[in-house]
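In my numbering, the protein residues as written are 4 to 145.
Structure first, commentary second.
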Amino acid sequence: MNAALDLIGERGCGFVRVSAVGRHGAALAQLLESFGLQPEAGALSEVTREVSAACVSALLWRDMAYGVELMPRERADAHAHRFLEECAVEGATFFTNGRWDLYHDGGGGTSAWSPLTSATFSAAVLVVCPAVATCLLVEDED
Numbered sequence: 004m005n006a007a008l009d010l011i012g013e014r015g016c017g018f019v020r021v022s023a024v025g026r027h028g029a030a031l032a033q034l035l036e037s038f039g040l041q042p043e044a045g046a047l048s049e050v051t052r053e054v055s056a057a058c059v060s061a062l063l064w065r066d067m068a069y070g071v072e073l074m075p076r077e078r079a080d081a082h083a084h085r086f087l088e089e090c091a092v093e094g095a096t097f098f099t100n101g102r103w104d105l106y107h108d109g110g111g112g113t114s115a116w117s118p119l120t121s122a123t124f125s126a127a128v129l130v131v132c133p134a135v136a137t138c139l140l141v142e143d144e145d
C-alpha cells in the first residue's frame, strides 16, 4: 500500500482524505477550491517541512474533538514522515490551517486554527510541489 492509504486506514476515526492535483497555479485560494475546501487563502500559513510533519503526526495521533489517542505517537510520526517522503520533492512548500502540532501539547505557541469545511474540526496540511500539490484533510466532529 502507499502512505496515504495506510494513514487513512489506520486513523480509524473521523473523515480523512488525501487528494492530489496537477497543473495547479500559484494562487492558494484556487488550490484550496480544487481540493473542495473553502477558498480562503488567508486561512493557510506557510510552515517548514518539520512543522508539517509534526502537524500530520498530531492529527493521526489524537482526535481533534476529545484528544483521544488513535495510535501510538511513534506510529503517527512514522506515518507522517512516510507521507511526506512520498509526496514532497525538493523545493516543496508546506501550508496548514493551524498549528496542529501544538493543539494537544501546548508547546508555548498558539493552537488557533481556521476552518476550511463545515465540520466542527477541519485540519489541512498542503504539500505544494512544482508539478503536483497534495492535501491531507482530517475532519472530526464533537
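For each residue, glycine too, the CB sits at the ideal point set by N, CA and C.
Note that the structure is a prediction, hence the values are computed from the model and not measured.
Check                                                                                                                                                                                     : Outcome
Do residue 32 and residue 44 have their C-beta atoms closer together than 8 Å?                                                                                                            : yes
Cα-Cα, which of 19, 134, 26, 79 is closest to residue 122?                                                                                                                                : 19
What residues are listed by DSSP as bridge partners for residue 90?                                                                                                                       : Answer by DSSP bridge pairing: none, since residue 90 is not bridged.
Do residue 62 and residue 116 have their C-beta atoms within less than 8 Å of each other?                                                                                                 : no
Cutting at 7 Å between CB atoms, please list the residues of its own chain near residue 3, excluding the five before and the five after it.                                               : Residue numbering for the chain in the displayed model covers 4 to 145; residue 3 lies beyond these limits and cannot be assessed.
Might you give, ordered along the chain, the residues of its own chain that have their beta carbon closer than 6 Å to the beta carbon of residue 135, omitting 5 neighbours on each side? : 23, 25
The alpha helix (DSSP H) with residue 145 in it runs from where to where?                                                                                                                 : First-last for residue 145: undefined, no H or E at that position.
Taking the runs of the beta strand (DSSP E) that are 3 residues or longer, which of them lie wholly in the region 9–51?                                                                   : 18–25, 48–50
Helix, strand or coil for residue 65 per DSSP?                                                                                                                                            : strand
Assuming contact is defined by CB atoms lying nearer than 8 Å, are residue 95 and residue 59 in contact in what I supplied?                                                               : no
Leaving out the 5 sequence neighbours to the left and right, which residues in its chain are closer than 6 Å to residue 35 when beta-carbon positions are compared?                       : 42
Quick one: what does DSSP say residue 125 is sitting in, helix, strand or coil?                                                                                                           : strand
What are the partner residues of residue 72, as DSSP defines its beta bridges?                                                                                                            : 65
Measuring alpha carbon to alpha carbon, tell me which residue in 5, 48, 108, 17 is nearest residue 130.                                                                                   : 48
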